[in-house]
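These notes concern the structure reproduced below.
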């Protein structure tokens with residue numbers, strides 16, 4: 005994420021400082037200044053941030069107290085640390101939705117996961133650990149009481165699964181001065197055979213009024229979060245027509261990657277504009293687009309190598325993004341490909357071609 | 005140029021090495037590897053290039069013998085050093101046009117500039133030094149015999165000035181395997197009051213058949229140059245309807261900058277694809293565009309600072325490119341702004357706004 009942010013920032017009159025625990029981070033090489041350090045550590049974040057004009061995050065697990073301190077000494081912190089505190093804890097985030105009448109899945113919470121055993125609950129349930137989840141980690145599906153021993157051993161919320169028609173994400177941008185704009189709703193299309201995310205379609209295939217409603221809910225969520233920044237509001241559109249907010253990211257997001265080519269101003273460009281205090285860019289689309297993640301192949305761990313992407317680049321309106329991560333692991337997001345085309349059938353064929361041909365393996 | 009090339013290359017699985025005489029070069033900070041050195045020096049270029057897979061140039065004044073050597077040991081050199089040799093010397097370049105029946109301005113050449121005085125020639129004339137010219141340097145307008153003492157003291161060609169209707173540039177891409185494609189002709193629009201380049205319009209306002217003819221001549225020029233790479237063929241469209249090739253650049257070019265946002269694949273992307281042996285990208289346009297250079301203000305020399313660009317970023321479809329050059333000088337190209345808009349009247353207003361408001365000065 006930081007890598008794509010940096011790529012866009014290069015064309016602005018600005019200097020970018022990056023903090024990351026690994027000196028092999030893709031950003032390290034290309035930032036104006038790179039600091040190696042743990043962003044979960046209070047002093048590291050304070051030392052890094054206190055001489056900067058503005059500070060943003062690309063992952064939620066940044067030390068919130070440090071950001072609160074930086075905010076208190078007048079540094080622009082995006083998102084607001086108060087908002088980050090809501091997002092960092094799934095229990096607080098869930099209560100935020102309830103308190104603000106934002107539709108969300110029915111749930112209950114247990115500080116002590118052991119208590120579930122003695123409770124009479126309706127299964128299936130999704131258990132989500134309050135803290136530490138990322139990219140699918142920290143979530144456990146409990147099909148019935150028989151799965152009790154699969155529980156995550158952590159304070160958690162337990163949600164009723166959605167009766168999914170479609171999974172949707174809306175990327176929203178707030179300048180902190182009352183201007184809240186959004187990109188069109190993105191549809192996450194799953195491969196039903198493997199139950200894996202197959203590609204993301206923008207705009208979604210939702211009916212216009214349903215799409216508009218998801219976008220309204222997303223903007224409303226960000227309005228209530230009361231912070232400048234870029235947000236992704238992930239939603240379930242249920243078979244009964246209801247819409248539930250699943251969770252919100254308070255940073256640039258995988259579901260917004262196709263904005264790089266498909267929109268006039270990308271989510272990364274918007275984040276930079278917010279940090280620099282520049283006017284927000286236009287979220288208008290140039291084209292329908294599909295985005296497919298490039299995922300580390302099963303059984304492959306080590307120095308990454310991409311095979312067979314030449315074929316993809318023959319397709320007009322195909323854009324590859326290789327994240328320059330040194331190591332591949334099974335399931336790791338190593339890059340993505342975006343296709344622009346008004347013809348959705350062709351987009352689906354192009355996505356399929358990527359999924360069939362491009363492979364990310366480890367160097368032998 | 006290298007900076008924009010690098011910005012695009014970041015998203016590909018590739019490592020970029022940069023050679024530049026200054027460690028403050030915008031590229032130095034962001035390349036995977038940076039070498040400080042003089043690209044006009046034989047040994048420096050050989051040492052830099054001999055371990056690379058492919059080598060390209062962003063300025064013509066690179067040591068040709070060194071590139072010939074690198075080519076001889078099997079390194080891909082773009083453009084071909086034989087082609088670079090033609091381009092580097094205006095006298096050889098001019099003879100190339102004549103020999104290949106590419107239309108160009110009538111001319112004569114003098115190895116000894118002193119001989120002009122004793123010759124009976126029709127003025128006005130443009131004197132162009134055979135070597136060393138760049139960005140307007142190395143060219144002298146001689147209005148009449150009274151200007152004889154203004155001559156450049158160098159072996160030169162002397163051209164009959166065009167009776168200009170429009171100045172045109174066509175960016176052409178060749179993969180070296182017979183595929184030669186072009187972007188639509190770009191029109192260089194001058195401010196008649198100051199006789200300065202005002203903005204570049206793509207596609208041009210030429211009649212369709214005239215535009216097609218400039219594009220045909222440009223492709224033919226590149227075909228005859230017999231090299232892979234990105235080229236800009238600069239042309240005069242005269243009031244009598246004739247078209248003259250003025251000169252050809254064998255690298256990415258200022259007149260191709262709007263391809264970054266206005267075309268499916270930019271000139272920088274094409275250069276990378278040629279170097280990597282990937283299929284060429286699409287030169288199809290997303291939109292009409294105008295590009296305006298951001299030029300260092302008169303009387304301002306020193307560490308560069310840009311003023312009043314916020315206003316420009318309020319315009320939908322406006323893109324700023326700041327080249328991160330440390331020092332500004334009067335007339336130095338410090339960046340550019342591209343506007344995408346189907347409405348040409350609006351584009352012209354937007355360009356005018358840049359020229360009236362944005363200022364590049366030195367830090368006080």
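Protein chains in written order, with this note's numbering: chain A, 5 to 368; chain B, 5 to 368.
We treat Cβ as the ideally placed atom computed from N, Cα and C, and that holds for glycine.
From a predicted model like this one, the values you see are computed outputs, not experimental measurements.
If the cut is a Cβ gap below 8 Å, which residues of chain A does residue i touch?
i	result
residue 394 of chain B	Here chain B comprises residues numbered 5 to 368, so residue 394 of chain B is not present and cannot be evaluated.
residue 321 of chain B	268 and 286
Is there a Cβ from chain A that is less than 8 Å from the Cβ of residue i?
i	result
residue 36 of chain B	yes
residue 11 of chain B	yes
Residues of chain B with a CB under 8 Å from the CB of residue i: which are they?
i	result
residue 16 of chain A	324 and 326
residue 346 of chain A	Here the premise fails: no neighbours, minimum Cβ distance about 12 Å.
Helix, strand or coil, according to DSSP, for residue i in the structure here?
i	result
residue 263 of chain A	helix
residue 202 of chain B	strand
residue 9 of chain A	helix
residue 76 of chain A	helix
residue 101 of chain B	helix
residue 240 of chain A	strand
residue 3 of chain A	Examination of residue 3 of chain A is not possible in this model, given that chain A is present from 5 through 368 alone.
residue 303 of chain A	coil
residue 245 of chain A	coil
residue 67 of chain B	coil
residue 149 of chain B	helix
residue 38 of chain B	strand
residue 174 of chain B	strand
residue 293 of chain B	strand
residue 346 of chain B	coil
residue 47 of chain B	helix
residue 15 of chain B	coil
residue 155 of chain B	coil
residue 337 of chain B	strand
residue 233 of chain A	strand
residue 272 of chain A	helix
So with CB distances below 7 Å, who are the chain A contacts of residue i?
i	result
residue 155 of chain B	The premise fails here: residue 155 of chain B is roughly 41 Å from chain A at the closest Cβ pair, so nothing lies under 7 Å.
Anyone know if the C-beta pair for residue i and residue j falls short of 8 Å?
i	j	result
residue 366 of chain A	residue 306 of chain A	yes
residue 146 of chain A	residue 131 of chain A	yes
residue 312 of chain A	residue 342 of chain A	no
residue 190 of chain B	residue 208 of chain B	yes
residue 82 of chain A	residue 58 of chain A	yes
residue 249 of chain B	residue 106 of chain B	yes
residue 219 of chain A	residue 175 of chain A	no
residue 358 of chain A	residue 299 of chain A	no
residue 135 of chain B	residue 93 of chain B	yes
residue 339 of chain B	residue 352 of chain B	no
residue 304 of chain A	residue 334 of chain A	yes
residue 239 of chain A	residue 261 of chain A	no
residue 26 of chain B	residue 321 of chain A	no
residue 76 of chain B	residue 113 of chain B	no
residue 109 of chain B	residue 133 of chain B	no
So with CB distances below 7 Å, who are the chain B contacts of residue i?
i	result
residue 33 of chain A	36
Using a Cβ-Cβ distance under 8 Å, would residue i count as near chain B?
i	result
residue 290 of chain A	yes
residue 221 of chain A	no
May I have the straight-line CA-CA distance separating residue i from residue j, to the nearest angstrom?
i	j	result
residue 184 of chain A	residue 84 of chain A	15 Å
residue 348 of chain B	residue 292 of chain B	8 Å
residue 96 of chain B	residue 278 of chain B	26 Å
residue 318 of chain B	residue 354 of chain B	11 Å
residue 356 of chain A	residue 205 of chain A	13 Å
residue 252 of chain A	residue 242 of chain A	18 Å
residue 309 of chain B	residue 364 of chain B	6 Å
residue 42 of chain B	residue 56 of chain A	35 Å
residue 226 of chain B	residue 91 of chain B	12 Å
residue 119 of chain A	residue 142 of chain A	18 Å
residue 168 of chain A	residue 144 of chain A	18 Å
residue 66 of chain A	residue 122 of chain A	36 Å
Mind pulling the chain A residues with CB within less than 9 Å of residue i?
i	result
residue 310 of chain B	17
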